[in-house]
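Chains as they are written, first to last, in this note's numbering: chain R, 1 to 163; chain P, 1 to 167.
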């Protein structure tokens, strides 16, 4: 189970450029999903990757589901060679995505994001429209249910005069 | 009437009041913080008791079902109490999604979604629209706290089920 506040604080304190995506972003928009991990899309510049590695190093990130004895070093080189990582950290399960299906790399994800106050600080998270695109692109059966819910939320907001 | 027996549920918000008027039993959604903690003190009055989440028994048996609640249940929309001079008050003012009027309108929309609308499609799909309404009355932070508290409780139940099966 992710300690959301600690995880977000660690990323924000280190100045990591990221957008909150996935279940947590859906929940922040009002979805009734229950999510167990935190998904973020991170910027792939060397400086940001370095900040990301520094932010997460104290939380002992390891590959989720991999054998315990599999050697894994979470550093700049590893992140540069990979793209998406499903990790277990001391804060909980954390998924790092270099790009999001249906949207593209960080720049596109950021363009489809909006800012919200989360735990007292501004946080970028994927907008309802962006989430709908991403879920449609993922296309798994559970994503179809998510799309129906997100579309309903979007319509409800529109009819109520909210953004 | 004897005191200390069934207490009248709090109906200080228009959605609950309307539910009462229409004779629908207001059913609480799973409490955001199932251990009863409220460190921020911003959640205001919470419903007590009520029907447990339909996903809980499944979690005991090892399911990862998220337990989205019964379609028949009608949660009370809750309006967090603003606290003066706190960051949470700023959040409530800037990001609280529903005013009382909007809550009324939203209730009407989810009770009778316009035919052909996305709301109607979602209802048809099996989405419990009342849960969305309850969530929209919270701040984004509260929505996240609630979702992760429910997930933590599911995890505890799952582990309890595992321990039970290993006996």
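Where is the CB? At the ideal position from N, CA and C, for every residue including glycine.
CB contact check: residue i to chain R, cutoff 9 Å
i: residue 164(P); result: no
i: residue 112(P); result: no
i: residue 115(P); result: no
i: residue 161(P); result: no
i: residue 157(P); result: no
i: residue 169(P); result: Given a span of 1 to 167 for chain P in the structure shown, any question on residue 169(P) remains unanswerable.
i: residue 146(P); result: yes
i: residue 167(P); result: no
i: residue 100(P); result: no
i: residue 28(P); result: Here residue 28(P) scores only 39 on pLDDT, less than 50, and its place in the model should not be relied on; the value that follows carries that caveat. Taking Cβ atoms only, chain R never reaches closer than 9 Å to residue 28(P), which makes this a no.
8 Å contact criterion, which residue i and residue j should meet: CB distance rounded
i: residue 155(R); j: residue 119(P); result: 6 Å
i: residue 19(R); j: residue 50(R); result: Contact doesn't hold; Cβ gap of about 18 Å is too wide.
i: residue 2(R); j: residue 36(R); result: 7 Å
i: residue 145(R); j: residue 125(P); result: 6 Å
i: residue 118(R); j: residue 8(R); result: 7 Å
i: residue 106(P); j: residue 131(P); result: Actually they do not touch by this definition, with Cβ atoms about 12 Å apart.
Residue i at chain P interface by Cβ criterion, 9 Å
i: residue 59(R); result: no
i: residue 2(R); result: yes
i: residue 35(R); result: yes
i: residue 19(R); result: no
i: residue 160(R); result: yes
i: residue 14(R); result: no
i: residue 30(R); result: yes
i: residue 145(R); result: yes
i: residue 137(R); result: no
i: residue 10(R); result: no
i: residue 23(R); result: yes
i: residue 134(R); result: no
i: residue 27(R); result: yes
i: residue 154(R); result: yes
i: residue 99(R); result: no
i: residue 80(R); result: no
i: residue 49(R); result: no
i: residue 77(R); result: no
i: residue 43(R); result: no
DSSP bridge partner residues for residue i (one or two, in chain order)
i: residue 39(R); result: 21(R), 95(R)
i: residue 88(R); result: 62(R), 93(R)
i: residue 116(R); result: 123(R)
i: residue 104(R); result: 100(R)
Beta-carbon contacts of residue i that lie in its chain and below 7 Å, excluding the five residues immediately before and after
i: residue 127(R); result: 112, 113, 114
i: residue 116(R); result: 28, 123, 125
i: residue 100(R); result: 21, 41, 109, 134
i: residue 16(R); result: 42, 48, 51, 52, 55
Cβ shell of residue i (< 6 Å), same chain only, five flanking positions each side left out
i: residue 97(R); result: 41, 84
i: residue 143(R); result: 135
i: residue 101(P); result: none
Close beta carbons around residue i, own chain, < 8 Å, minus the five adjacent residues each side
i: residue 143(P); result: 135
i: residue 95(R); result: 22, 37, 38, 39, 40, 84, 85, 86, 87
Closer than 7 Å at the beta carbon, the chain C residues around residue i
i: residue 148(R); result: Of the protein chains in this structure, namely R and P, none is chain C.
Please list, in chain order, the residues of the region 101-126 of chain R that have any C-beta partner in chain P closer than 9 Å.
Listed by position, the residues of the region 101-126 of chain R near chain P (Cβ gap below 9 Å) are 116, 117, 118, 119, 120, 121, 123, 125.
Closer than 7 Å, Cβ to any Cβ of chain R: which residues of the region 122-137 of chain P, in chain order?
Result list: 122, 125, 127, 128, 129, 131, 132, 135, 136.
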